[in-house]
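Contents: one structure, followed by commentary.
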Amino acid sequence: MGSLNLSRRSFLKTAAATAVAANLALNAESALAETSHTAADGAGEVKRIRSCCRGCGKMECGVWVTVANGRAVKIEGDETAPHTMGSCCNKSVSSLQACYHPDRLYHPMKRTNPKGEDPGWVRISWDEALDIIVAGVQQVKDKYGGQSLFTMGGTGRIWSMSPYNGYDSWFMTPNNVVAWQVCKGPRHFASALTSEFNHSWSATVERPPVFTIWASTPEGSNYDEAGRSVVDEAMQAQTFISVDPRTTNLGKEADIHLALKGGTDTPLALAMCHVIIENDLVDWKFVKRWTNACFLVVDDKEPSGPPIPHTYNATTMVKTKLLTQADLQEDGSPWKYMVWDKASNSLKWFNASADQAKANPDYDPATDPECGIWEGEKPYKRYDGSGFEEHWSKENFPGQWGEANVREGHMQAWSPELDDFESIDPATEGAFEVTFADGTKHTAIPVWQKFAERCAEYAPEKSESITGVPAEKVTEAALVYGTRVDPRWGNGGIMYQLAVEHHGNAIMNCRAIELLTAITGNTDGPGGQRGSTKIDVTYMGSFDSLPQSPLLDNPKFHPEIMEKQLGRDTHPLFAWWTNWANANTVWEAGVTGEPYPVKGCVCQSGDFLNMGNTTMAWDTLAQLDFMFDIDLWHHPTAEMADVLLPAQHWLEVPSPRQSQGSSGALGLCVPCVEPPADTRYDPQIVEDLYERAGLPWGWDEDNPYPTMEEILDHTVRKVGPSWKELVEEFQENGWWDVKKLRPDDWGTYYRFQTGFMKKSMAEDPTPSNVIPGFNTPTMKQEIWCTIMETYHGAEDALPDYRPHPDTIDKNPELWKEYPVHCLTGRRIPVYFHSEHRQLPWCREVWPVPRVEINPDDAADWGIEQGDWVWIESPHGKIRQTADLYYGIPRGVINAEHMWWYPEMPAPEHGWRLSAVNQLVNNDIDDPHCGASVVRGYPVKVYKATPENSPFGNPCPCSDDGVEIIHDASDPRLKDWAPVYEGRDQ
Amino acid sequence: MARYALAIDCNRCVGCMACNGACKMVNNVPIGSFWNKVLRIGPNEPGQDEVPSHDFYFLPVQCQHCENPECVKVCPTGASHRLPDGTVQIDKGKCIGCQFCAMSCPYGVRYLNEEERVVEKCTLCEQQIAQGELPQCVTNCVGMAKWFGDLDEGIESFRGPCGETMGDFCEPFDGEHDVHTLTDVGNRPSFLYILRDHTWQGKE
Ligand code: SF4
Ligand code: SF4
Ligand code: SF4
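Protein sequence lines, in the order shown, are assigned to chains D and E.
The first sequence begins at 5 in my numbering and counts up one residue at a time.
The second sequence begins at 60 in my numbering and counts up one residue at a time.
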């Protein structure tokens, strides 16, 4: 066996090798690129290269990659990476099998058979591939218009994010179908409504004293935080609270487990808020000054707002029932929101005029003396423009260093004292008579009072019947969460993750949880809800921060294009959000041709299995005139393409890697091995496509097609002289602490007070953009959500429980035939969504999908451990194997998501056998953000038998009766062992 | 002389299976065979108070490097042997693939390498510990559940991936009630398993 691992067998021969490797960190120079940005070359050498893993799409785990003779042979955690503590999961080490997988795409390919059959791929040149693609896209555009194109994006490779931007000026389509819509996107959507885009992330890395994991299993998925850090936090926290319908792997260690019914997150969060309010655990200093709690709602006011729009991705003319000065006097300002001052028994205002800055070029907050202040109170501390060098916040805001329980290598952040009001005392409750400019009298009620009433509707005893969580438990958890361990700051944020997004009430759930963290004073506090690590370095190929040409057009600049975005008519908030088309609506259009046909597509790390109804999604792909896919593999989505372009693996590519969440680290993905054959790096592929389409790409008009080295230098220009030098520094010193790099921004808490919260990631700080508050219309963290109110009315301005139409309460008939509550989508530690099913080290330990069933239910249903069972909904049926587990309640099952079987023949590769979203009702989704209902729907479950299974075989089979791989001993797994030869061809 | 072993903090094990791939990466274990596995033990009873059961744990299992190993006793050629460092190893030059050892091991951690016709199992990464490094499944253990050390030096001295020691790093445990071994049928397994607040399902 030709293994190059440092195996026991070759131990004696290579005894010196690891000793050599151990020295490499000191000898960084030798690990560096001779040619361009490749670190690995040189035959016979053993090198240890510091890099950043991308075995999943969710975390920036620091790793050491050992490269022997130019081949990656070992991946271990970088123990000096403070945010991950050297965590390195099975997906990471299995990257060695992905990188050298015999089924990897090495060359561009085109199909020779019609869709629906084995594509009959034949190798073509890049030239030919690019020509076919540009022509194919153009044909669809000419025939049906740009809107008939759509993009599919996921997160498997972080440098593959062009679909999120809809391939802008090339496609000019408003229709991007991105996995973000069902994972993280709703959290970002909700926090953008309420406080700041991205503020769903909490700083677990700072080890808050109370650790709450709400609806997730980060210990296995590494979502937002490495598994090792998550376990570490759960162990050292004084109280570990798990909020989950089932017992998770780490949740078995929880001090408190709130086992809610799936999808009842809003009532539970509001119940906890109620306990916080009743026990006076509210952080009033924060709530009164930095939320819109004291703003006044006038129920019978005709909603109105300022004449200049609020600008997010698009512009919104805000219409609110919140009382403004403009309601009260003819010349009153519509940006002045009124509160009732108890000190003077009169109305006072808060001036949110800075909200117009983005839309009104004539307005500069820096020169408006009333901007961002409360009537009668002193103006905020104006930023002096000192830049990133000085710690301006520390010089100007009295406070102290934080005392987060951070691991070695992390520094503390500056924790400014929160200002008190000097003279006014805004009321949080009461009813106040106000007289409008037209002389009419109205009653004005503080937002807080309405919020407290809403919470009271869901008091623990009242919501118990909805959530299934005993009232005492809710109270206990809320008291622990809300009672400060250290009086100076809150007990930490909440790590809430994707399951709250999947029950058709995503935005309400996210908002309710966010408010729970806010009223307890955890907004941007130590271990709190801090949002994305703010450092002005962008991911390669990401979102809107690409080094793109200013000459590029964008559909977002064209309202007439955006109006056609699929799903916009049924989801009014899309007009504000703009970032995605509604997946369910796209599948609907694909199948029906209504409201217009969708006929062309690019897929770049996207997938048709992740949301909406999978069968409809497949049928959509099957009827396309033209599709291309940029990929590492042949998987079902790829098999529906006309052209395949071969991408590169994370072990082969350069990219900056800053924490997408609150982990506060900056590192690099450093190429370790030469990329094989004809593969290209995703950002390079996109640039090549733009060039072939005759569109400019680079940021510099005189150099429209920059080299990758130029792009890398440009991307990191704010943190280092060049990519090459950063790589050297990284090899030597390891991960950067962003608190140190950006002391005023990431290195300071409570940035809503210093003014650095509103400033966007990419901007340099100036007196015009360092303004206290949040990027909401009221400049406050909005308990009363004015954007929501504008699009959905005052009924949705506060969080409320909205069960989806297929829940048992709404559709009891349906549950008579389908009596089992189906949860899905828990993360499997060795897989990343649909990825890694063809990697032997992953598949052999998790060969088949398992559905968790309570053993008492299983006994009733005649199902035993390991049996194949049918799971059936009105929309489809699938098979998975039973895992009898007392960690799941009765009447509930938990199936796995996104299964396909690479060993099954093209084009379907067995997705019909087990892919769970075949059970999904494509007609229902979250009315606000459109996230499809991929959990919490009714099914029936019964044993698969020879009688009820094709081929008389309960085990799923291909069309000719060949079983899937269901056992580690299956010899087909060995066919997937790494192949090192032929990479240069 | 030493008694090398692992101590496994089961409360920290989250069943992520990073240890599987880690082992395979450095030990050239054939696809389909395993030197280590992670088993979910329980839960055997329904949960209480409207909360699903928490009474289970994950059990990483591999060769326990027994002090009185049955596998060594039954080996007809002396291929299986116990080293002065306390580890049990297989001299592949002497192994005839009779698999008596595999049948005698109470934990089923040995298997026949079909290609080479010799028996294999966890070596405690002897190639790494000989150089002062940790076994790979300790280095890569996500939960920091696995710790390596010399039983003669005491469990507190066992080392973790970032230079920590178990005594300094792990949650306190009760030496009498919380420390277990896999069921001992006279083979005296060396590995220690720590489990707090959950029901240990093995016989001592
Ligand atoms: S665990 Fe089994 S193989 Fe290992 S030493 Fe003990 S008896 Fe031998
Ligand atoms: S100690 Fe080494 S050989 Fe044994 S299971 Fe762990 S990684 Fe594998
Ligand atoms: S790597 Fe560690 S935490 Fe993960 S399964 Fe193995 S022993 Fe448990």
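Glycine included, every Cβ here is placed at the ideal spot set by N, Cα and C.
Predicted model only: the values in this text are computed from it and were never measured.
Where residue i sits in the DSSP three-state scheme
i, result
"D/S772", "coil"
"D/S220", "coil"
"D/A43", "Because the pLDDT of D/A43 is 36, which lies under 50, any placement of that residue in the model is unreliable, and the number read from its coordinates should be weighed accordingly. D/A43 falls in the coil class under three-state DSSP."
"D/P975", "helix"
"D/N364", "coil"
"E/L254", "coil"
"E/C69", "helix"
"D/P803", "coil"
"D/Q627", "coil"
"D/C93", "coil"
"D/A651", "strand"
"E/L193", "coil"
"D/P878", "coil"
"D/F154", "strand"
"D/H192", "helix"
"D/K820", "helix"
Reference residue i, options the options, closest by Cα
i, options, result
"D/L917", "D/P844, D/C846, D/T619", "D/T619"
"D/P911", "D/A408, D/N617, D/W637, D/K256", "D/W637"
"D/G604", "D/H105, D/D146, D/P960", "D/D146"
"D/E767", "D/D331, D/G391, D/L923", "D/G391"
"D/M89", "D/V235, D/Y110, D/P178", "D/V235"
"E/Q158", "E/G145, E/R176, E/T146", "E/R176"
"D/R58", "D/P906, D/S659, D/Q143", "D/S659"
"D/F401", "D/G759, D/R883, D/A886, D/W874", "D/G759"
"D/Y171", "D/D635, D/I689, D/N614, D/T252", "D/I689"
"D/I882", "D/V873, D/Y890, D/Y889", "D/V873"
"D/E433", "D/W580, D/D366, D/A297", "D/A297"
"D/V97", "E/S112, E/Q195, E/D114", "E/Q195"
"D/H840", "D/H639, D/S772, D/P803", "D/H639"
"D/L351", "D/P373, D/A361, D/F299, D/W339", "D/F299"
Neighbour flag for residue i against chain C, beta carbons, 8 Å
i, result
"D/V834", "Looking at the structure shown, chain C is missing, and the protein chains on hand are D and E."
Interface flag, residue i vs chain D, CB-CB below 8 Å
i, result
"E/S112", "yes"
"E/E230", "yes"
"E/C221", "yes"
"E/E109", "yes"
"E/A77", "yes"
"E/F115", "yes"
Chain E within 8 Å of residue i, Cβ atoms only
i, result
"D/Q989", "no"
"D/E567", "no"
"D/S211", "One point to set straight first is that residue 211 of chain D is Arg, not Ser, in the sequence displayed. It does not: the Cβ of D/R211 has no partner Cβ on chain E nearer than 8 Å."
"D/L30", "Since pLDDT at D/L30 reaches only 27, below the 50 mark, its modelled position is unreliable, and the value read off the structure follows with that caveat. D/L30 does not count as touching chain E."
"D/R755", "no"
"D/W739", "no"
"D/Y890", "yes"
"D/E465", "no"
"D/S91", "yes"
"D/A862", "no"
"D/P474", "yes"
"D/G220", "Reading off the sequence shown, one finds Ser at residue 220 of chain D, where the question assumed Gly. So, not an interface residue."
Item checked: Beta carbon nearer than 6 Å to a non-hydrogen atom of ligand 3 -> E/C72, E/V73, E/G74, E/C75, E/M76, E/A77, E/C78, E/V97, E/F117, E/P119, E/C200, E/V201, E/G202, E/A204, E/K205
Item checked: Shell residues, 6 Å Cβ cut-off relative to heavy atoms of ligand 2 -> E/A81, E/C82, E/N86, E/W94, E/N95, E/Q121, E/C181, E/T182, E/L183, E/C184, E/P194, E/Q195, E/C196
Next item on the list: Would you be able to state if there are at least three C-beta pairs under 8 Å between the region 232–250 of chain E and the region 95–112 of chain D?
Entry: no
Check: For the 8 Å Cβ check, are there 3 or more pairs between the region 768–784 of chain D and the region 573–581 of chain D?
Finding: no
Notebook entry, point to check: Would you call the region 219–232 of chain D and the region 53–71 of chain D in contact, with 3 or more CB pairs under 8 Å?
Noted result: yes
Margin query: I'd like to know if the region 207–216 of chain D and the region 179–187 of chain E are in contact, where contact means that at least 3 CB-CB pairs between them fall below 8 Å.
Written below: no
Notebook entry, point to check: Three or more beta-carbon pairs under 8 Å between the region 139–155 of chain D and the region 663–675 of chain D, yes or no?
Noted result: no
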